[in-house]
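Number of protein chains: 2
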Amino acid sequence: MADLNFADRLLDAVAEKKTPLIVGLDPVYEQLPAAITGHRELNDENDVEAAVDAVLEFCTRVIKVVAPHVAGVKINAAFFESYYWDGAEAYMNIVQEAAARGLIVIGDVKRGDVGNTAKQYAAATLADPALASLDDLVAPDAVTVNPYLGLDGVQPFIDVAKDEGKGVFVLVRTSNASAADVQEFKNAAGVPLYMHVGKLVEKWGAELVGAKGYSAIGAVVGATNAEQLAELRRALPSTLFLIPGLGAQGATPADVVKGFKSDGTGAIVNASRSLIFAYNDDKYKDLGPESWEKAIENAVVETKQALAQALGQ
Amino acid sequence: MADLNFADRLLDAVAEKKTPLIVGLDPVYEQLPAAITGHRELNDENDVEAAVDAVLEFCTRVIKVVAPHVAGVKINAAFFESYYWDGAEAYMNIVQEAAARGLIVIGDVKRGDVGNTAKQYAAATLADPALASLDDLVAPDAVTVNPYLGLDGVQPFIDVAKDEGKGVFVLVRTSNASAADVQEFKNAAGVPLYMHVGKLVEKWGAELVGAKGYSAIGAVVGATNAEQLAELRRALPSTLFLIPGLGAQGATPADVVKGFKSDGTGAIVNASRSLIFAYNDDKYKDLGPESWEKAIENAVVETKQALAQALGQ
Chain A
0 MADLNFADRL LDAVAEKKTP LIVGLDPVYE QLPAAITGHR ELNDENDVEA AVDAVLEFCT
60 RVIKVVAPHV AGVKINAAFF ESYYWDGAEA YMNIVQEAAA RGLIVIGDVK RGDVGNTAKQ
120 YAAATLADPA LASLDDLVAP DAVTVNPYLG LDGVQPFIDV AKDEGKGVFV LVRTSNASAA
180 DVQEFKNAAG VPLYMHVGKL VEKWGAELVG AKGYSAIGAV VGATNAEQLA ELRRALPSTL
240 FLIPGLGAQG ATPADVVKGF KSDGTGAIVN ASRSLIFAYN DDKYKDLGPE SWEKAIENAV
300 VETKQALAQA LGQ
Chain B
0 MADLNFADRL LDAVAEKKTP LIVGLDPVYE QLPAAITGHR ELNDENDVEA AVDAVLEFCT
60 RVIKVVAPHV AGVKINAAFF ESYYWDGAEA YMNIVQEAAA RGLIVIGDVK RGDVGNTAKQ
120 YAAATLADPA LASLDDLVAP DAVTVNPYLG LDGVQPFIDV AKDEGKGVFV LVRTSNASAA
180 DVQEFKNAAG VPLYMHVGKL VEKWGAELVG AKGYSAIGAV VGATNAEQLA ELRRALPSTL
240 FLIPGLGAQG ATPADVVKGF KSDGTGAIVN ASRSLIFAYN DDKYKDLGPE SWEKAIENAV
300 VETKQALAQA LGQ
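Which chain is which? The protein sequence lines are A and B, in order. Residue 0 is where the first sequence starts when you use numbering that gives the first Met the number 0, and the numbers rise one by one after that. Residue 0 is where the second sequence starts when you use numbering that gives the first Met the number 0, and the numbers rise one by one after that.
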């Protein structure tokens, strides 16, 4: 159980590593380096087990490579759930690996349900395990949550955040192409739904604002529309943004800068595929297939530099 | 792989069992009958295992009791995820039990994410397992999905529904108290978000309308606001509704009737706690603690009758 407010802990880690960059772990077996998959025999009888072993080794080694450079990792639960219960166990193992290396761990689970059920999800995904036989395990420091059900669906996560010094990132404006289908639905005053939800999040988080002026209840805001990002940044002064979509989803360092205040605070930035699969990028091919970890490290360092430059740091 | 359109299969099952009622499995260890929990020793070393064993036995016996009476079950993933990977395995075991008894199985998972990730979730929750070592397992016939990310987040589920004869229920108007925070956000013409989303769902489902006039892409519509339910029923003629909230959440048979057309089709109705924990209800106390299955059966039969009466059947 952490004593400090989650936002304060996260901002301390960002200051220590001198970057708002975090690394997204979205492992796909088919894209793992041959150095990991090559010595495993994947056959019809053991395919789940062998694939999960490979994913576990890969993520563990990626965490070791990136830990000196970034404040945290975002672990995408979907890529583990594809492997059913073995995947669920691997997900918790990766949370332990990242926590043991001192990283802030964000579980990207995007849960949301009615109150009674949301309470179960908050217990399952954000609270440290209450069951005695699992009490040596820690849960992530924060999770992502869907706002469609209103406060009922988010409150159980806020309660855990309050009780255990954890955090929540509520989806506000996502980075995908069709987000506008729903999130840009506008009221009579021209206010889009994402702004309405953003203001709810700012309100829901008011009681968990830490010493550094940001709440433990943050928002997921994509950088694919830089103008909307800037508008949300102005409207939600106490809300930390988790900005996905840097790299593979098309956002550039110049875009994500709109999510920051002029003092350089206000957001963390996630990049997933462009970092963890960097060894597949022509740019790093010269390093050779055995140097896949070096390719990842180079990509992380270069992305940090590009972000710092864009932020004028 | 089912040949028939999901909506046709579901409506056949409803006709066969002569009721739109389905049973929600939201098992909570503390509320299980003593006949299940009493002979299990729950201690600090084995608490997850013993609790999951109890939940598995309970759900398996509930499925056996209700299978002759109802068309399907809705399994709430949150109540299994609380038990981590053992819970994930138990969830799939319960899916197999229900499918083996010929029930339509709805996985209440409420996933939703950007396209690349939603594809993983659709594979993990709705598609039958592609991995060879799991190919004797079936996934649920349908799952619930969150619409906040727009079509990107739903399309991978629609694709699986199309390829494998499965179904999707997209959250439109949920039954919880704070749903209005977001779902009643209105545009300049006074149209609330839930209606906007409902019309998107009707459109998204257009290509999967079956022989009986309903699409395999349905909607979750709560009955706690009967007027909104009636309005949605009129506006979305090809969309099957999954109506939660009967019983413990406060909706009555008279309320849920608004989700049906005058021919008695158009919706299925879920009740969870009021059925599966019926033995804790004073009404059935006289049956005695060993007759917990009889209490559940009586509650199911009585709820079917109340629904039939309200529907004038």
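Cβ atoms here follow ideal geometry from the backbone N, Cα and C, with glycine treated the same way. Note that the structure is a prediction, hence the values are computed from the model and not measured.
Nearest Cα to Tyr283(B) within the set Ala294(B), Asp162(B), Ala250(B): Ala294(B). Per DSSP, reduced to three states, the secondary structure at Val72(B) is strand. For Phe184(B), the chain A residues whose Cβ falls inside 8 Å of its Cβ are Phe184, Asn186, Leu192, His195, in order along the chain. At least one C-beta of chain B is nearer than 8 Å to the C-beta of Pro146(A). Not a single C-beta of chain B is nearer than 8 Å to the C-beta of Lys73(A). Contact between the region 158 to 167 of chain B and the region 179 to 195 of chain B is absent: fewer than 3 CB-CB pairs across the two stretches fall below 8 Å. The shortest C-alpha to C-alpha distance from Ala225(B) to any of Gly249(B), Val137(B), Asn45(B) is the one to Gly249(B). Just measuring C-alpha positions, the residue of Ala131(A), Asp85(A), Asn145(A) sitting nearest Asp107(A) is Asn145(A).
Only those residues of the region 290 to 306 of chain A whose C-beta falls short of 7 Å from the nearest C-beta of chain B would be listed, and there are none. The three-state secondary structure of Asn269(B), taken from DSSP, is strand. Considering only Ala97(B), Glu44(B), Ala234(B), the residue with the shortest C-alpha distance to Lys202(B) is Ala234(B).
Restricted to the region 228 to 277 of chain A, the beta strand (DSSP E) segments that are unbroken, complete and at least 3 residues in length are 240 to 242, 266 to 270, listed in chain order.
As computed with DSSP, Val220(B) is found in a beta bridge with Arg172(B).
With contacts defined as CB atoms closer than 8 Å, Gly287(B) and Ala270(B) fail to qualify as a contacting pair.
One finds Asn175, Ala176, Ser177 in chain B with Cβ atoms closer than 9 Å to the Cβ of Gly114(A), taken in chain order.
With the criterion set as a beta carbon lying under 8 Å from some beta carbon of chain A, the region 260 to 293 of chain B has no members that meet it. With respect to chain B, the C-beta atom of Val137(A) has no partner C-beta closer than 8 Å.
DSSP links Thr143(B) through a beta bridge to Phe168(B). Within the region 73 to 106 of chain B, contact with chain A at the beta-carbon level (separation under 7 Å) is assigned to Asn75, Ala77, Phe78, Glu80, Ser81, Tyr83, Trp84, Ala87, Glu88, Met91. For Tyr120(B), the residues of chain A that pass the 8 Å Cβ criterion are Ala77, Glu80, in the order they occur in the chain. Residue-level contact by beta carbon fails for Val61(B) and chain A, as no gap is shorter than 8 Å. A distance below 8 Å separates the beta carbons of Ala141(B) and Gly166(B). The beta-carbon distance between Phe240(A) and Gly217(A), rounded to whole angstroms, is 7 Å. This is short enough to meet the 8 Å contact definition. Val113(A) places its beta carbon 8 Å or farther from that of Asn92(B). DSSP assignment within the region 57 to 113 of chain B yields the following whole alpha helix (DSSP H) runs of 4 residues or more, N-terminal first: 77 to 80, 83 to 99. A distance below 6 Å between beta-carbons, with the five flanking residues on each side excluded, links Arg232(A) to the following residues of its chain, in chain order: Gly258. Within a 10 Å sphere around the beta-carbon of Glu80(B) sit 16 or more other beta-carbons, which makes this residue buried. Between Thr143(A) and Leu125(A) the beta-carbon gap is near 10 Å, outside 8 Å, which marks them as no contact. Listed along chain A are Ser132, each with a C-beta nearer than 7 Å to that of Asn45(B).
Annotated three-state conformation of Leu150(B) is helix, per DSSP. Per the Cβ contact rule, the region 61 to 72 of chain A is not in contact with the region 27 to 43 of chain A (fewer than 3 Cβ pairs under 8 Å). A direct Cα-to-Cα measurement between Asp180(A) and Glu40(B) gives close to 52 Å. Counting only the Cα atoms, Ala89(A) lies some 19 Å from Val64(A).
For Leu20(B), there is no enclosing alpha helix (DSSP H); the residue is part of the beta strand (DSSP E) that begins and ends at 20 to 24. Around the beta-carbon of Lys109(A), 16 or more other beta-carbon atoms lie within 10 Å, marking it buried.
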